[in-house]
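Okay, structure first, notes after.
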Amino acid sequence: MQTHWFYTVWPFIGIGGAIVMLAVLLMTDTFRGSPNVSRWRDPEWLAWLAVPLYWIHQFEEYSLPTIGLDYSIQEMICEKIGFPPYPECPIPLAFYPVVNIALMWFGAPLAAYLFRRNVLIGLSFWGLLFANGLVHTFGGIAAGAYNTGLWSAAFLFVPLSILVIYASAIRGPYSGKAVGVAYACGAVTHVLLFMGYGLYKAGVFGNVGLLVYAAVIGFTPIILAAIASKFFKPELLTVRPIRT
């Protein structure tokens with residue numbers, strides 16, 4: 020099936036960005052909030068870490084057919100929803116880069132940037148990573164087979180999501196309730212993403228509506244976290260010093 024060149028190239032742009040950003044994260048103090056403690060105990064640094072990790076995951080999910088491996092997440096999604104494979108599958112191919120780029124090229128960096136103003140927003144995308152990691156991991160276990168994105172989800176998303184909880188709430192300065200709600204905002208976004216497929220199949224909206232929905236999903240963790248923040252005292256969501 021002939022497709023636009025960008026549908027093939029965008030995950031490779033992402034992995035290039037991930038390599039550069041990981042180098043900056045690991046070799047400089049640019050994204051650190053507390054240089055006096057380990058990066059792995061610095062919640063602000065960990066908020067930024069979510070960005071390149073998901074770019075790696077996107078590369079695993081969407082580049083495999085390009086490099087000659089017979090795994091296609093687009094085909095898997097169509098099958099799960101009950102649609103025929105491409106080219107008959109009605110989901111526009113533009114949906115996949117739109118939702119992924121909106122989420123992790125724009126939404127996640129914005130959330131990390133806002134960490135200093137609102138910790139709940141800053142950590143919200145880790146809830147998305149944790150939910151995604153669990154879905155891939157348990158899906159692979161249940162099927163007894165590889166699914167596209169499994170390795171990065173199981174070996175990066177799940178353990179590092181737990182580390183973020185430990186660094187932020189258990190060992191860190193933030194309340195478990197605030198961190199839990201942040202994770203819930205990301206997890207709900209993951210649910211809403213899948214609900215979008217169902218709404219599309221039910222005819223609630225068409226191709227254009229699905230693309231608009233995808234763009235909005237990219238910022239949904241931030242929107243949900245901002246709403247949830249109204250139920251917290253402001254001092255619980257501001258940056259706090261980390262005990263050494």
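Everything in the sequence shown is counted per my numbering, starting at 20 for the first residue and increasing by one. Ideal Cβ placement from N, Cα and C applies to all residues, glycine included. Since this is a predicted model, take the numbers as computed values, not measurements.
{"Query": "Three-way DSSP call (helix, strand, coil) for Val227 in this model", "Result": "helix"}
{"Query": "Residue burial classification, Arg135 (beta-carbon count within 10 angstroms, cutoff 16)", "Result": "exposed"}
{"Query": "For Val51, the nearest candidate out of Tyr26, Ala131, Tyr185 (CA to CA)", "Result": "Reading off the sequence, residue 51 comes out as Arg, not Val. Among Tyr26, Ala131, Tyr185, the Cα nearest to that of Arg51 is on Ala131."}
{"Query": "Reference Tyr165, options Gly33, Asp89, Leu45, closest by Cα", "Result": "Asp89"}
{"Query": "Where Val198 falls: helix, strand or coil (DSSP)", "Result": "helix"}
{"Query": "C-beta contact flag for Trp29 and Pro116 at 8 Å", "Result": "yes"}
{"Query": "Straight-line gap, Thr4 to Phe251 (C-alpha atoms, nearest Å)", "Result": "Because the chain in this structure spans residues 20 to 263, residue 4 falls outside the shown range and cannot be described."}
{"Query": "DSSP three-state assignment for Ser82, whether helix, strand or coil", "Result": "coil"}
{"Query": "Inter-stretch contact (C-beta, 8 Å, three-pair minimum) for the region 60 to 78 and the region 29 to 49", "Result": "yes"}
{"Query": "The region 140 to 147 / the region 203 to 212 touching (three or more Cβ pairs under 8 Å)", "Result": "yes"}
{"Query": "C-beta contact flag for Ser187 and Val200 at 8 Å", "Result": "no"}
{"Query": "Arg60 in three-state terms, based on DSSP", "Result": "helix"}
{"Query": "Validate contact between the region 169 to 185 and the region 148 to 157 using beta carbons, cut 8 Å, 3 pairs", "Result": "yes"}
{"Query": "Start-to-end residues for the alpha helix (DSSP H) that takes in Leu129", "Result": "127 to 132"}
{"Query": "Spatial distance of Ser53 from Gly101 (CA atoms)", "Result": "48 Å"}
{"Query": "Nearest-angstrom Cα separation, counted from Gly35 out to Thr27", "Result": "14 Å"}
{"Query": "Rounded straight-line distance, which links the Cα of Ile184 to that of Pro192", "Result": "11 Å"}
{"Query": "Presumed contact (8 Å Cβ cut-off) between Phe114 and Leu229, rounded CB distance", "Result": "6 Å"}
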